Structures are given as C-alpha cells and as structure tokens.
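In what follows, a structure is listed as structure tokens, so that the remarks can point back to it.
Residue numbers (our numbering): 10 to 795.
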C-alpha cells in the first residue's frame with residue numbers, strides 16, 4: 010500500500026536536471042518543503058534552505074551534529090528503568106543572514122517584484138546558488154546572485170557569497186550581515202516524528218568578541234553543559250564608496266555595509282562563517298578556534314575554498330554516482346538522494362547520523378538503527394572510512410550501553426533505541442526501548458563492514474568487545490522454553506514494525522539475535538585460535554568466561570523461529586495471526602499514517618503493519634529462506650503493510666524483485682526515490698528521510714542488480730526489464746573498485762575492474778574473476794518465475 014504524492018513539485022517551476030535541484034519561481038506554498046530539500050550541510054554543520062534574507066521562513070534552522078540540550082523526561086506514571094533524560098538537537102544561532110536594502114527598501118521574496126528568479130542546489134559543486142533580478146518599488150533593477158557553501162574539506166567552515174549590482178540607476182545599498190539567536194522546534198504537537206520545542210532559552214550567551222568586521226560569540230547550554238562558539242568575518246570587494254558599522258546584543262550581532270552603489274558597478278561580499286562545539290571546553294577556547302578557522306579561510310580565499318569543495322565532490326561522485334540513462338527525472342532523484350546522504354555523513358567524524366541529517370529537527374536529531382541497516386551499506390561500498398568512523402562512534406557508547414542493560418535488569422550491553430549522547434531517550438518504551446533488535450542491527454552492520462573491507466583489525470580491536478556484550482544481552486534476555494520443545498525464546502520485545510509492540514518471539518528479532526550470537530561465538534573462538542594475545546586482552550577487558558561462548562552457541566542453535574504450518578509462512582510474532590485484520594477498505598486515505606489518527610491500543614490489537622518486518626529479515630538474511638518461502642511470506646505480509654514508515658518501501662521493492670513481482674518492485678523503487686522530493690509522507694518540512702535515501706541506493710544495487718553479499722560473497726542476480734536504459738553502479742570491495750553496468754535493451758550485465766587487485770565475484774550462479782582492463786559482459790538470464 011502506498012501513499013500518494015503529497016506535494017507534486019510542478020516541472021514548470023522545478024524542471025528535471027541531472028545535476029541540480031532547480032527552482033525557477035518563488036512560491037510560498039512550497040516554502041516549508043523546499044527549506045528541507047535545499048538544505049546544505051557536511052555532516053557536522055547544516056543550514057536549512059531558507060533565503061539569505063532570513064524571511065519568509067518556516068524555520069531558519071542551523072544545526073550542529075551532536076550539539077544538544079537535555080531535559081527531564083516526565084512520565085505520566087513512572088516505572089523502574091524508564092528513560093529519565095531527553096536530548097534534543099538545538100537550532101543554534103544562525104549566521105547565514107545577509108539582509109539587502111535598496112534605498113532602505115528590504116528585499117522580501119514574498120512581496121518583491123521578481124523579474125527573474127532561479128535557485129539551484131548544485132550537486133557537482135556542493136553549493137546552493139540563487140540568481141534574482143529584482144525591480145524595487147521605485148522601479149530600479151537590482152541584479153542579485155548568492156552562493157551558499159558548507160565545506161567538506163573543512164568541517165567547521167561555511168562560505169556565503171553575495172554579488173549585487175544596480176543595473177540602471179544609482180542606489181543606496183545596505184548589506185546587513187547577522188548572527189541571529191534562533192528559536193527551537195515549533196510548539197507542542199501530537200506527531201511523534203517532530204522535534205521537541207525547547208523555546209528560545211536553551212542557550213546562555215557568554216563573552217563576545219569584535220574586531221573590525223569579525224564577530225565571535227560564545228554560548229553554553231543551560232542543562233547539558235555543552236559549549237559553542239560561532240563567528241563571522243567579511244571581505245567586501247567593490248569600486249563603490251562604502252562605510253561599515255557594527256552592533257551586538259544578546260539576541261543579535263551584525264555588521265552593516267552601507268554602499269553608494271553606482272550603475273553597473275559590481276559589489277561582492279564574501280561572508281565566512283564557522284562553528285566549533287564541545288562537551289564542555291571553555292567558550293574562550295572555542296572562540297580561539299573560531300578565530301584560527303576564519304584566519305585560514307580568508308588566507309586561502311574564496312576561489313581555493315570553492316575549488317577544494319569541487320574536488321571533494323568529484324571524488325565522491327567517482328566512487329558513488331549511479332548513472333541512469335534515459336530518465337532524467339530518476340537520475341536527478343537518485344543523485345539528490347545520494348548527495349543528501351553525503352551531506353548527512355561526510356564529516357560526521359565523531360558523531361552518529363541523525364534520522365533527518367541536518368535538514369531539520371525531526372526526531373530531535375536522534376540517532377536510530379537507521380544508520381546501520383539503511384545507510385551503512387552505501388557507505389561500506391563507497392566510503393568505508395566513514396563507515397568505520399560510525400561503527401567507532403557506536404563503540405564509544407559501549408559503557409553507557411552496559412549501564413542501560415543494567416537499568417533494564419539485563420546482562421551485557423543494550424544500545425539505546427534513540428539517542429544523541431549514548432543515553433536512551435526513548436520516551437515511549439513500547440515502541441522504543443523494547444526494540445532490542447538495535448543490538449543485532451549494529452552487529453549486522455559490523456559484520457558487513459568487516460566482510461566487505463576485510464578490516465579484521467577493527468573487528469578484533471573494537472568489534473569483538475561489542476559482540477561479547479551484545480551476545481550477553483541476548484543470552485540473558487531469552488530462555489529455553491519447555492513449552493516450545495526446549496527452544497530458545499525471546500519475549501517482550503518490539504520488532505521493526507512499531508504497530509505490533511512488546512510481543513513474544515518476533516521473527517525478525519529472533520533471527521537477527523541468532524546471527525549476533527553466532528557471529529560473537531565465531532569471532533571469539535577465531536581470536537582464541539589465531540590471535541591469542543588479542544583474545545587475552547579481550548577476555549581481561551570483558552571478564553569473559555569461555556563457558557559463556559558455549560551458551561551463546563547453544564542459544565543460537567536452538568533459537569525458536571515462529572512458523573505457521575497451515576499457511577506455510579513465518580509468523581511475525583507468536584500472536585500476530587490471532588489478531589483481527591485491519592479494515593483497510595473503510596480506512597479513509599487521509600487517516601494515514603494510522604499513528605496520527607488511532608489510539609495505539611486500537612492499532613496493537615489489529616493485524617496491520619507499519620513497516621517491513623519479516624520482509625526485512627528476508628532481505629538481510631536471504632540465505633535463511635528458500636525462494637518459495639520468501640514468496641509466500643511476501644505475498645501474505647505485503648498487503649498488510651501500510652507504508653506509514655519511510656523505511657519500508659525500499660525493502661518491499663528489493664524483496665518484490667526477488668519474488669518475481671517486477672512491476673510492483675519498480676513502483677516501490679520509484680516511490681523510494683521520490684520519498685522526499687514528492688513529500689510522500691507529508692512531513693519533509695521537519696527534515697529529509699536519510700535512511701530512505703540509503704534504501705533508494707539499495708533498490709538499485711540489491712534490487713535491479715540483485716547483489717547479495719552475506720558473509721562477504723559478492724553475487725549478482727540482476728532483474729532489468731527491457732524498457733530500462735542502462736544503469737552503472739560503482740562499488741568498492743576489499744580495496745578493489747569496479748563498476749557494474751546493467752543494460753535493459755540488450756539484457757546484459759557488464760563488470761569492469763577499475764582499480765585494485767583481481768576480485769572474484771559470482772554472476773548469476775557462476776564465479777568469475779575480475780581483472781583490471783578486462784571487462785566481462787554476460788547475458789542476463791531469465792529467472793524461472795519470469
């Protein structure tokens with residue numbers, strides 16, 4: 010089941026373009042959505058796509074990944090072990106604003122007479138560009154160009170360029186460059202996907218510094234104790250006469266350039282902005298860092314900064330670009346999705362990936378399982394260094410995960426369902442803390458990373474410790490159940506589907522826990538045999554007893570996997586089939602997502618699914634299911650799935666391909682690609698869906714190309730309808746970079762090794778050796794069910 014597109018961006022305003030997201034007319038009805046779509050960020054610093062003038066705007070958002078305020082979590086009725094402290098990303102003081110006044114008349118896009126308007130997110134340059142021709146109320150024509158850039162090479166730096174010129178008359182032009190205290194997320198709401206409102210008092214201002222046209226400001230959060238410094242500096246270039254003034258207060262700092270503009274004489278203002286944050290370093294130290302960043306930026310100059318940005322993007326696209334011939338709209342959507350993943354992860358060096366990236370405050374800027382299951386596959390195959398950093402960040406949370414396990418009366422470690430600082434911030438435990446599968450999800454990503462990169466040093470130095478503690482959790486959480494013939498059962502959990510909570514023996518959870526336990530036992534035994542010194546260090550660090558490893562093996566070998574003999578399908582959980590089926594026929598279209606229109610208890614007592622659950626297990630652990638079993642499971646569960654989660658449709662697409670439902674798979678893949686550009690879930694204004702974008706990449710690589718890689722065996726089994734154009738996919742496996750090209754017209758698949766050593770892969774069941782300079786082209790075989 011699919012929701013219809015909520016906002017169809019009209020092509021006469023938003024024309025298809027392979028490398029840019031283009032807007033050719035300013036229209037207030039699209040303001041909220043496009044603020045997210047035109048965001049720029051680098052994984053550390055992000056700015057929403059509100060105009061440089063600061064208004065009109067839904068939310069003038071500027072965000073620092075991992076910079077948050079904490080607040081006491083008040084439960085209507087307390088119980089032992091409930092999460093106690095919430096965390097919310099802060100909308101920090103914004104430095105992007107440059108107000109333009111012509112003869113004291115402000116430029117306001119909602120009222121201005123715009124003779125020409127174009128805005129474009131340039132995915133090759135890594136910039137947001139605007140070109141405006143404004144006729145003022147006095148009839149003067151003003152040419153305005155702006156460029157916004159958040160640097161990837163320098164994670165703390167942003168650059169704003171403004172070029173303005175009076176075309177036909179003398180004019181008095183004022184450029185008011187500001188740092189403005191921002192408000193947090195909008196007020197109370199019954200939509201759990203939105204961010205929490207912290208009001209405007211999350212930050213206290215600390216000492217302020219001013220030097221010529223440079224201003225630096227320091228802040229400290231009231232509760233979490235985090236510190237922040239931001240600064241701006243300017244270089245004005247013009248042959249016109251001008252004067253400069255400055256002003257500052259607790260709410261505002263600004264530098265005003267008053268220019269005697271002559272006709273056709275250009276005026277260029279380069280504004281350098283920078284942010285530094287810390288868990289508690291004095292703001293004076295952070296201001297010193299801000300000063301050094303600004304010094305370097307001005308010394309390097311705008312041309313060098315832009316060139317370095319382009320070089321970074323060139324390298325990214327070389328490693329990542331999925332090239333689609335014959336469909337400009339799909340090509341644009343694919344590149345926009347991949348670019349957004351880069352913007353969310355590129356310089357997330359010591360943090361996680363917020364569910365919305367840095368495009369909005371949805372979900373409070375929290376990190377979920379989204380990263381490991383949906384984003385990590387793309388990173389592992391295109392940017393393994395970033396993937397490693399994200400796993401390292403999870404390892405840094407291990408002590409808090411141990412504490413959280415103890416708080417819920419379990420051994421080992423329990424990674425938080427949603428968090429920024431490592432503490433669980435799940436306010437609703439049924440759809441939060443109970444999702445113990447987060448442990449197995451992280452370990453699944455660890456295994457994929459190690460298998461595809463062969464980075465066993467990371468596995469032994471960091472991963473093994475996480476494996477030990479997560480295996481302990483599963484061994485303690487489950488039990489050998491005499492009523493299930495002594496099988497190992499796991500009760501009181503929530504799987505990926507949040508419309509069925511606190512259930513017994515969720516199939517996804519049990520299968521993933523089994524893999525977690527097997528992998529932990531295998532890794533520890535291998536270390537003991539092959540790396541005794543590292544094993545001794547691990548055993549000492551974790552107080553490991555080898556009898557535990559035997560218990561993990563036994564629990565995994567005896568894991569109970571619910572199955573219904575009558576229907577010959579897996580049960581989503583023990584009681585799923587006993588529930589009354591949801592009345593889809595009489596549910597109004599505007600009552601989706603169900604979570605916004607029905608009490609949780611109503612949803613929980615029905616057979617209805619928010620997002621892929623068993624279907625996700627069949628994708629992640631495809632080797633555990635026969636083709637016929639996959640088909641039966643898919644055909645039973647797919648009609649019960651509402652599409653209320655952006656995380657679902659990509660998974661449904663890949664499994665539909667495998668089960669022979671090719672048209673349905675293509676439709677699902679299209680919806681995945683358009684999830685945000687068409688605002689299918691109606692909440693893009695709160696930020697983009699980064700995990701869905703990772704899923705979009707997977708629909709091509711695991712769907713059309715049919716990649717399967719469990720255990721590090723790289724195998725392709727493509728499905729490409731004849732009407733499809735060619736699709737080229739770059740991948741990196743164990744240091745070898747190669748491209749896979751699918752051609753629908755000729756029904757062929759071509760493999761070409763570009764860099765690195767020879768690589769053995771499997772094409773449609775037959776092993777082949779890839780050697781540099783020797784592309785291999787094979788016919789796409791027709792599958793038995795086609």
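Where is the CB? At the ideal position from N, CA and C, for every residue including glycine. Treat the numbers as computed from the prediction; the structure is a model and nothing was measured.
- Of 300, 323 and 179, the smallest CA-CA separation from residue 250 is found for 179.
- Between residue 591 and residue 617 a beta carbon distance of about 4 Å is seen, short of the 8 Å cut, so the two are scored as contacting.
- Burial state of residue 403 is buried, judged by a 10 Å Cβ sphere holding 16 or more other Cβ atoms.
- Residue pairing for residue 709: DSSP places it in no beta bridge.
- In this structure, residue 724 and residue 658 do not form a Cβ contact; the two beta carbons are roughly 24 Å apart against a cut-off of 8 Å.
- In this structure, residue 105 sits near residue 157, with a CB-CB distance shorter than 8 Å.
- Segment contact: the region 465 to 472 against the region 428 to 445, fewer than three CB-CB distances shorter than 8 Å; contact not assigned.
- Runs of beta strand (DSSP E) with 3 or more residues, each lying fully within the region 698 to 769, are found at 735 to 742, 745 to 752 and 757 to 764, listed in chain order.
- Judged by DSSP in its simplified three-state form, residue 673 adopts helix.
- Scanning 773, 453 and 768 for the CA closest to the CA of residue 780 turns up 768.
- Annotation: the region 590 to 649 contains the following complete segments of the alpha helix (DSSP H) (minimum length 4 residues), in chain order: 609 to 613, 623 to 629 and 636 to 646.
- Under DSSP, residue 311 forms no beta bridge with any residue.
- Taking 8 Å as the cut-off, the Cβ atoms of residue 150 and residue 142 count as close.
- Beyond the five residues adjoining it in sequence on each side, residue 292 comes within less than 8 Å, by CB distance, of 215, 216, 227, 228, 229, 236, 237 and 238 in the same chain, given in chain order.
- Across the set 508, 522, 463 and 91, the C-alpha of 522 shows the shortest separation from the C-alpha of residue 483.
- When rounded, the separation of the alpha-carbon atoms in residue 48 and residue 101 is 15 Å.
- Relative to residue 115, the option among 368, 78, 61 and 70 whose CA is nearest is 61.
- Excluding sequence positions up to five before and after residue 764, its CB lies within less than 6 Å of the CB of 746, all in the same chain and listed in chain order.
- When Cβ pairs closer than 8 Å are counted between the two stretches, the region 409 to 427 is seen not to touch the region 495 to 502, the count staying below three.
- Taking 8 Å as the cut-off, the Cβ atoms of residue 107 and residue 176 do not count as close.
- Residue 633 has its alpha-carbon roughly 48 Å from the corresponding atom of residue 67.
- The Cβ atoms of residue 299 and residue 283 sit closer than 8 Å to each other.
- When only Cα atoms are considered, residue 174 and residue 258 end up about 31 Å apart.
- By the Cβ test, the region 534 to 550 is not in contact with the region 503 to 516, since fewer than three Cβ pairs between them sit closer than 8 Å.
- With 16 or more other CB atoms across the displayed protein chains lying within 10 angstroms of its CB, residue 325 is buried.
- Pairwise C-beta distances place the region 695 to 709 in contact with the region 378 to 393, as three or more of them are shorter than 8 Å.
- Residue 737 places its beta carbon less than 8 Å from that of residue 332.
- For residue 267, the pairing in a beta bridge is given by DSSP as 183 and 252.
- Going by DSSP, residue 409 is part of the alpha helix (DSSP H) stretching over 407 to 416.
- Inclusion of residue 340 and residue 133 in the CB contact set at 8 Å is not warranted, their separation being larger than that value.
- Setting aside the 5 residues that flank it on each side, residue 407 is surrounded in the same chain by 422, 474, 475 and 478, each with a C-beta closer than 8 Å to its C-beta; the list follows chain order.
- Per DSSP, the unbroken alpha helix (DSSP H) holding residue 451 starts and ends at 446 to 462.
- Within the same chain, and ignoring the five residues on either side of residue 378 in sequence, the residues whose Cβ sits closer than 7 Å to its Cβ are 447 and 450.
- Here DSSP, grouped into helix, strand and coil, assigns residue 551 to helix.
- When DSSP assignments are scanned along the region 462 to 503, the uninterrupted stretches of beta strand (DSSP E) that are 3 or more residues long and fall wholly within it turn out to be 488 to 490 and 496 to 498.
- Contact between residue 190 and residue 260 is confirmed by a C-beta separation of about 5 Å, below the 8 Å threshold.
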